[in-house]
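Numbers given in our numbering equal positions in the sequence shown, counted from 1, plus 93. Ideal Cβ placement from N, Cα and C applies to all residues, glycine included. Values in this document were obtained by computation on a predicted structure and should not be read as measured data.
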Amino acid sequence: MSHSFRKSIHRYCESYDYDAEYVSDVPRDFRSNRWQSVCELVNEYGGLEVEQQILLLQLLSKLCLYRNVLSLTSNINRETHSEIRYLRTLAKYILHLDYKEKFSVSDFEELCSDTDRGSLASVNASYQMLVYCAKQQKNVDLSNYWMNVHRDYLDCASSIGEIELQVYRSRFHRAAAFIPFLKSNVKETYAELDSALIEAKKICTHPSGAADVRNEILLPALESYTKTAIWANDWVRAKELAKQRIDLDPVDIRGYLEAGEVDFRRGEFSEALIHYKNAVIVGGPGSNVAAYMAGLCSESNGEDRDALFWYSLSLKFDPKGISPRKRIATLGSPVNDLSLTGWVSTLG
94 MSHSFRKSIH
104 RYCESYDYDA
114 EYVSDVPRDF
124 RSNRWQSVCE
134 LVNEYGGLEV
144 EQQILLLQLL
154 SKLCLYRNVL
164 SLTSNINRET
174 HSEIRYLRTL
184 AKYILHLDYK
194 EKFSVSDFEE
204 LCSDTDRGSL
214 ASVNASYQML
224 VYCAKQQKNV
234 DLSNYWMNVH
244 RDYLDCASSI
254 GEIELQVYRS
264 RFHRAAAFIP
274 FLKSNVKETY
284 AELDSALIEA
294 KKICTHPSGA
304 ADVRNEILLP
314 ALESYTKTAI
324 WANDWVRAKE
334 LAKQRIDLDP
344 VDIRGYLEAG
354 EVDFRRGEFS
364 EALIHYKNAV
374 IVGGPGSNVA
384 AYMAGLCSES
394 NGEDRDALFW
404 YSLSLKFDPK
414 GISPRKRIAT
424 LGSPVNDLSL
434 TGWVSTLG
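Structure, rendered in structure tokens:
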């Protein structure tokens with residue numbers, strides 16, 4: 094997840110004491126025993142075995158504490174374990190995507206050339222190159238090149254376990270779908286996303302397929318497919334995929350946001366409003382978007398006072414929101430709610 098996702102969690106929960114850049118930034122009174130153990134491991138990082146260092150860096154990455162990863166790996170070189178080098182490069186890349194901080198994609202390329210084909214680092218680095226060339230550069234030729242490199246590395250990945258390999262294969266097809274997408278080829282894009290779903294669903298039926306691993310790969314596959322169907326104006330397919338997403342994880346706000354988008358784009362504002370209301374009830378990062386979209390649905394249905402409620406709720410979740418501010422300023426006078434527009438003007 095992005096670094097900004099962590100910040101949005103703390104903003105939503107109003108738990109600013111946990112809004113840390115480093116694991117040790119959390120005040121001692123707020124640390125659990127497990128959190129304190131991580132702090133101690135960070136302090137002992139230099140004396141840990143390489144395998145322990147990798148696990149610690151992976152944990153910090155999962156916690157979106159990317160600056161902590163960078164601080165611990167500041168003295169690495171080309172002789173450092175490839176997985177540590179990958180985790181440092183990934184941290185720099187994610188911070189670059191969020192805040193445009195300094196980053197060179199050549200670090201991923203260097204990992205691909207330096208490490209053994211089929212190693213975890215080379216598999217992940219080549220995947221990041223594929224995604225970067227497709228999403229950031231939108232370069233079909235380069236994306237094709239890295240797709241072939243990544244596929245080759247996956248085929249050589251004999252050290253990766255069966256479940257993990259299925260996760261990587263599903264991820265591969267989801268990334269490969271960007272190439273026909275860039276060429277506006279709906280049929281081929283669907284074919285890649287179908288393959289991504291097939292690989293993800295294999296995990297569901299595998300005796301060792303843990304639910305968290307299954308959801309980690311199946312939910313993104315459904316999300317990508319839904320967004321593609323929306324792009325293709327394939328509303329029936331998009332609605333079914335969004336429903337599958339909600340059924341799979343009914344406490345994930347993103348499923349309701351996608352279902353709401355499908356109905357909103359079709360002009361079915363009452364149906365969309367139901368999904369956005371459910372998204373607000375589920376809660377979490379994105380609640381400000383859900384409340385704002387609920388306001389747009391109410392406004393489209395001519396229910397201006399309800400719209401003002403949703404816009405003001407969106408501002409409660411994110412006081413810096415510009416769009417709900419503008420809608421409240423527009424609707425405040427017509428519904429004789431000048432006190433609300435005055436309240437909005439006092440917000441920072």
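- Counting along the chain, Ile253 sits inside no alpha helix (DSSP H), nor does DSSP assign it H or E at all.
- Annotation for Ser393: Phe362 place their beta carbon closer than 6 Å to its own, counting only its chain and skipping 5 residues before and after.
- Counting along the chain, Ile346 sits inside the alpha helix (DSSP H) bounded by residues Ile346 to Arg358.
- Out of Ser212, Asn241, Ala214 and Leu213, the CA that lies nearest to the CA of Cys226 is found in Asn241.
- Counting the other CB atoms within 10 Å of its CB gives Arg171 a total below 16, which places it among the exposed residues.
- With a beta-carbon spacing of about 11 Å, Leu150 and Ile169 fall beyond the 8 Å limit used to define contacts.
- C-alpha of Pro120 to C-alpha of Tyr159: approximately 19 Å in a straight line.
- Here Cys205 is buried: its Cβ has 16 or more other Cβ atoms, across all protein chains shown, within 10 Å.
- Note on geometry: alpha-carbon atoms of Ser391 and Glu351 lie some 18 Å from one another.
- The way I'd put it, the stretch 112 to 129 doesn't touch the stretch 181 to 198; fewer than three beta-carbon pairs between them come closer than 8 Å.
- At the C-beta level, Leu424 and Leu389 stay beyond 7 Å of one another.
- The C-alpha of Lys370 is placed about 36 Å away from the C-alpha of Asp118.
- In the displayed model, Thr182 falls within a helix according to three-state DSSP.
- Arg104: member of the alpha helix (DSSP H) spanning His96 to Cys106, first to last residue.
- Within the stretch 186 to 248, no complete beta strand (DSSP E) segment of 3 residues or longer occurs.
- Restricting attention to Lys228, Ile253 and Val233, the CA atom closest to the CA of Val216 is found in Ile253.
- Distance from the CA of Arg398 to the CA of Leu406, rounded to the nearest whole angstrom, comes to 13 Å.
- By a beta-carbon distance limit of 8 Å, Glu202 contacts Met222. Their separation comes to about 7 Å.
- About 12 Å separates the Cβ atoms of Ile323 and Val279, ruling out a contact at the 8 Å cut-off.
- With fewer than 16 other beta carbons inside 10 angstroms of its own, Tyr109 counts as exposed.
- With a 10 Å radius around the Cβ and a threshold of 16 neighbouring Cβ atoms, Phe274 comes out buried.
- The alpha carbon of Asn232 has as its nearest neighbour, out of Ser317, Lys185 and Ile272, the alpha carbon of Ile272.
- Excluding sequence positions up to five before and after Ala331, its CB lies within less than 6 Å of the CB of Thr319, Ala322, Ile323 and Val355, all in the same chain and listed in chain order.
- Within a 10 Å sphere around the beta-carbon of Asp234 sit fewer than 16 other beta-carbons, which makes this residue exposed.
- Annotation for Asp200: Thr182 place their beta carbon closer than 6 Å to its own, counting only its chain and skipping 5 residues before and after.
- Glu285 and Asn136 have their alpha carbons spaced roughly 45 Å apart.
- Taking the CA atoms as reference points, Phe123 sits about 18 Å from Cys157.
- With respect to the 7 Å criterion, Ala384 and Val373 are classified as neighbours on the basis of their beta carbons.
- Rounded to the nearest angstrom, the gap between the Cα atoms of Ala335 and Thr173 is 43 Å.
- If you keep only unbroken alpha helix (DSSP H) runs of at least 4 residues inside the stretch 374 to 418, you get 380 to 393 and 397 to 410.
- Around the beta carbon of Glu316, a 10 Å sphere encloses 16 or more other beta carbons of the protein chains shown; the residue is thus reported as buried.
- Rounded to the nearest angstrom, the gap between the Cα atoms of Ser95 and Leu408 is 22 Å.
- Secondary structure at Ile169: coil, using DSSP grouped into helix, strand and coil.
- Between Ile256 and Arg420, the alpha-carbon positions lie close to 48 Å from each other.
- With a cutoff of 7 Å on beta-carbon distance, Tyr246 and Gly211 are scored as near each other.
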